[in-house]
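Visitor:
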Amino acid sequence: MGEQLVDAVRAALRSVRDPATGQDVVESGMVQGLAARDGLVQFALAVPRERAREMEPLRLAAEKMAAGVAGVLSATAV
-17 MGEQLVDAVR AALRSVRDPA TGQDVVESGM VQGLAARDGL VQFALAVPRE
33 RAREMEPLRL AAEKMAAGVA GVLSATAV
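Counting in the working numbering, the sequence shown runs from -17 upward without gaps.
1. Hey, which unbroken runs of the alpha helix (DSSP H) at 4 residues or more fall wholly within the segment -8 to 58?
2. Compare the C-alpha of ARG(-1) against each of ALA57, GLY53, ALA52, ALA43 and name the closest.
3. Check VAL(-12) in the structure and name its three-state DSSP category.
4. Please report the distance separating the alpha-carbon of GLY4 from that of SER10.
5. Of the choices ARG31, LYS46, PRO1, whose alpha-carbon is the least far from that of PHE25?
6. Going by Cα to Cα distance, which pick from GLY53, SER56, ALA48 is closest to VAL13?
Encoded structure:
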């Protein structure tokens, strides 16, 4: 179930786009360390330090998208 859940979350995250580039967060390589265990999902969004503050809405959107995937009990993006 863990790998299937990771795949489902990754697919959902493809709909979250960086407004500056138009690329989704998966395609752009921002999603790092995506893992799932017992319905708990965690991942990091790798962004340039100088864009960290402006990227907070994107992080929240990615976290919300991941949390909405069937089988996810909780999602955390950092």
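We put the beta carbon where it would ideally sit given N, CA and C, even for glycine. Bear in mind the structure is a predicted one, so any value in this text is a computation, not a measurement.
Guide: Based on what the coordinates show:
1. 38 to 49
2. ALA43
3. In this structure, DSSP gives VAL(-12) a helical state, which the three-state scheme calls helix.
4. 9 Å
5. LYS46
6. Distances from the CA of VAL13 to each of GLY53, SER56, ALA48 were compared; the closest alpha carbon is that of ALA48.
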